[in-house]
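Read through the structure below, which is laid out as structure tokens, and then see the notes.
Residue numbers (my numbering), protein chains in the order written: chain X, 1 to 116; chain R, 117 to 229.
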């Protein structure tokens, strides 16, 4: 049981380049989300999904796109990278059940992105 | 807009001390509250989840309480150990469970041997 897997772990981009951060979970979780973590800002929600085919914006969605074609995968696309997108990105997933264990958020190990 | 605050930002204690980490939130209409641990350069690990209908949850040396009416939660760590050194974050979920959380900025704990 791998949990939440993020790739790549590290990436350096030049301004204007595009890339996709991959996220996959094998726990059959309905909910998936992307956060960015910046010093002094904590974790902020970028986009989230409540099921395949359903996505919505979080607090800081500008410059990012997501899609959810399957329950397992939730990729995050940077359309035209900017230095302000230098950050550590975390993908997370959780289940839908009513018991507290189902709602626990499981995080990936993170992807550290630097935009020059 | 929901805001989550954690005070203090950093805390240093000697080994063996019992300690309390604080978390406050501005909107009491929450679905649940979670406490996480983050080690440097690592992802977040869930420690405890408290549903809005619950008052506290316990796991080993950890006890988390929730007072929705006052917008507060505390994480109590008993008999602290150097291995407890990490950043502790609390996060709240809104009235409907969507896996969407609002995080505090965390308290960085150092337990000295």
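Quick reminder that beta carbons are idealized off the backbone N, C-alpha and C, glycines included.
Check whether the Cβ of residue 109(X) lies closer than 8 Å to any Cβ atom in chain R. Taking the first residue of the first chain as 1, we reach residue 109(X) at position 109. For residue 109(X), the answer is yes, since a Cβ of chain R falls inside 8 Å of its Cβ.
Can you list the residues of chain X that residue 150(R) reaches, using a CB-CB cut of under 9 Å? Position 34 of the second chain, counting from 1, holds the residue named residue 150(R). For residue 150(R), the chain X residues whose C-beta falls within less than 9 Å of its own C-beta are 103, 104, 105, listed in chain order.
Regarding residue 110(X) and the ligand HEM, is the C-beta to nearest heavy atom distance less than 7 Å? By its list of ligands, the structure shown contains no ligand whatsoever, and the ligand HEM lies outside what it can speak to.
Taking the alpha carbon of residue 149(R) as the reference point, which residue from 155(R), 176(R), 120(R) has its own alpha carbon closest? Walking along the second chain from the start, residue 149(R) turns up at place 33. Among 155(R), 176(R), 120(R), the Cα nearest to that of residue 149(R) belongs to 120(R).
Just the Cα atoms here: how many angstroms apart are residue 63(X) and residue 134(R)? Your numbering for residue 63(X) matches position 63 in the first chain. Your numbering for residue 134(R) matches position 18 in the second chain. About 44 Å.
For residue 38(X), three-class secondary structure by DSSP: One-based indexing of the first chain puts residue 38(X) at position 38. Residue 38(X): strand per DSSP, three-state reduction.
Beta-carbon gap between residue 203(R) and residue 154(R) smaller than 8 Å: As a first step, residue 203(R) must be located in the second chain, where it is residue number 87. As a first step, residue 154(R) must be located in the second chain, where it is residue number 38. In contact: residue 203(R) and residue 154(R) (Cβ atoms closer than 8 Å).
Counting beta carbon pairs with one atom in the stretch 122-133 of chain R and one in the stretch 66-76 of chain X, are three or more of them shorter than 8 Å? Between the stretch 66-76 of chain X and the stretch 122-133 of chain R, the count of Cβ pairs shorter than 8 Å is below three; the stretches do not touch.
Can at least three beta-carbon pairs, one atom from the stretch 18-30 of chain X and one from the stretch 83-97 of chain X, be found at a separation below 8 Å? A contact exists between the stretch 18-30 of chain X and the stretch 83-97 of chain X.
So is residue 158(R) in contact with chain X if we call contact Cβ pairs under 8 Å? Numbered from 1 along the second chain, position 42 holds the residue referred to as residue 158(R). Closer than 8 Å: yes.
Using a Cβ-Cβ distance under 8 Å, would residue 190(R) count as near chain X? Stepping through the second chain from its first residue, residue 190(R) is reached at position 74. For residue 190(R), not one C-beta of chain X is nearer than 8 Å to its own C-beta.
Please classify residue 223(R) as buried or exposed, where buried requires at least 16 other C-beta atoms within 10 Å of its C-beta. Reading the second chain from its first residue, position 107 is the one you call residue 223(R). Classification for residue 223(R): buried.
I'd like the ranges of any beta strand (DSSP E) spanning at least 3 consecutive residues and lying wholly in the stretch 155-208 of chain R. Fully enclosed beta strand (DSSP E) runs of 3 or longer: 160-167, 172-175, 178-183, 188-193.
Can residue 198(R) and residue 156(R) be called in contact, C-beta distance under 8 Å? Here residue 198(R) is taken as the residue at index 82 of the second chain, counted from 1. Here residue 156(R) is taken as the residue at index 40 of the second chain, counted from 1. Not in contact: residue 198(R) and residue 156(R) (Cβ atoms no closer than 8 Å).
Nearest-angstrom Cβ-Cβ length linking residue 144(R) and residue 185(R), presumed shorter than 8 Å: Taking the second chain and counting its residues from 1, one reaches residue 144(R) at position 28. Taking the second chain and counting its residues from 1, one reaches residue 185(R) at position 69. Residue 144(R) to residue 185(R), Cβ: 6 Å. Contact.
Using a Cβ cut-off of 8 Å (strictly closer), state whether residue 10(X) contacts chain R. The residue labelled residue 10(X) in the question sits at position 10 within the first chain. No, residue 10(X) does not count as interfacial toward chain R.
If I measure Cβ to Cβ from residue 217(R) and keep anything under 8 Å in the same chain, skipping five residues before and after, which residues do I get? By 1-based counting over the second chain, the position of residue 217(R) is 101. Same-chain partners within the cutoff: 150, 207, 208, 209.
Do residue 18(X) and residue 87(X) come within 8 Å of each other at the CB atom, strictly closer than that value? Here the question's residue 87(X) lines up with position 87 in the first chain. Here the question's residue 18(X) lines up with position 18 in the first chain. Not in contact: residue 87(X) and residue 18(X) (Cβ atoms no closer than 8 Å).
Taking only beta-carbon atoms, is residue 187(R) less than 8 Å away from chain X? The count along the second chain starts at 1 and reaches residue 187(R) at position 71. False, the Cβ-Cβ gap to chain X never drops below 8 Å.
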